[in-house]
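Asker:
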Amino acid sequence: MVGLQVNPSKTVIISYTHRPARPPLPLTWLGPNGKEEITNTAPIHDGTRILGQYLVPSGNMANFTEWMCSYTEQLVKPLVNSLTTDRMAQFVVRTILFPSVEYKLMGIPLSSQ
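Residue numbers (the numbering used here): 803 to 915.
#1: Where Q855 and S884 are concerned, what is the direct C-alpha to C-alpha distance, given to the nearest angstrom?
#2: Bridge partners for T850 per DSSP, in chain order?
#3: Are the region 839 to 853 and the region 871 to 883 touching by the rule of at least three beta carbon pairs closer than 8 Å?
#4: How many Å lie between F893 and W869 at the Cα?
#5: Within a Cβ cutoff of 8 Å, which residues of the same chain sit near V878, ignoring the five residues on either side of it in sequence?
#6: What number of angstroms, rounded off, separates the C-alpha of L829 from the C-alpha of T887?
#7: Look up I816 in the DSSP assignment and say whether it is helix, strand or coil.
#8: Secondary structure at T841, three-state DSSP: helix, strand or coil?
#9: Just verifying my parser: in three-state terms, what is the DSSP assignment at M908?
#10: In whole angstroms, what separates the C-alpha of N842 from that of N809?
#11: DSSP three-state call for M863: helix, strand or coil?
Here it is, written out as structure tokens:
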């Protein structure tokens with residue numbers, strides 16, 4: 803590919819087949835310095851954000867769900883502790899809370915559990 807630059811130290815391999823006893827073979831990238839290895843692997847059970855999408859290779863969304871709960875609590879806490887009218891709270895929820903949570907959940911399949 804012409805003009806494509808990759809920084810091997812920042813590139814991450816996302817794979818569910820990674821086992822600590824047998825790490826995956828490193829990917830090689832033909833860069834300006836010759837062949838460079840990409841050895842960084844993403845955590846299997848933690849979310850990794852790539853292009854605005856959160857990916858969890860194992861499919862276990864417990865950590866992500868806990869993070870989303872704490873994130874929404876941080877967004878709502880200023881409303882609870884301040885003097886706001888119902889109209890002001892409704893405006894903040896519609897313009898800030900819902901869009902930000904919707905953006906974070908974009909592309910994530912959620913189960914009914």
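The beta carbon of each residue, even a glycine, is placed where N, CA and C say it ideally should be. Since the model is a prediction, treat every value here as computed from it, not as a measurement.
Answerer: On the basis of the coordinates in this document:
#1: Against the sequence shown, residue 855 aligns to sequence position 53. Against the sequence shown, residue 884 aligns to sequence position 82. One C-alpha to the other measures close to 33 Å.
#2: Locating residue 850 in the sequence shown gives position 48, where the first residue counts as 1. DSSP output for T850 lists L857 as bridge partner(s).
#3: no
#4: Reading the sequence shown from its first residue, position 91 is the one you call residue 893. Reading the sequence shown from its first residue, position 67 is the one you call residue 869. Those two C-alpha atoms are separated by around 24 Å.
#5: For this step, residue 878 is matched to residue 76 along the sequence shown. Cβ within range, chain order: L899.
#6: Stepping through the sequence shown from its first residue, residue 829 is reached at position 27. Stepping through the sequence shown from its first residue, residue 887 is reached at position 85. When rounded, the distance between both Cα atoms is 56 Å.
#7: Taking the first residue of the sequence shown as 1, we reach residue 816 at position 14. In this structure, I816 counts as coil in the three-state DSSP scheme.
#8: Taking the first residue of the sequence shown as 1, we reach residue 841 at position 39. Three-state result, T841: coil.
#9: In the sequence shown, residue 908 corresponds to position 106, counting from 1. Looking at M908 - three-state DSSP - the assignment turns out to be coil, as it is neither helix nor strand.
#10: Counting from 1 along the sequence shown, the entry for residue 842 is found at position 40. Counting from 1 along the sequence shown, the entry for residue 809 is found at position 7. The straight-line gap from Cα to Cα measures roughly 11 Å.
#11: Mapped onto the sequence shown, residue 863 falls at position 61. M863 falls in the coil class under three-state DSSP.
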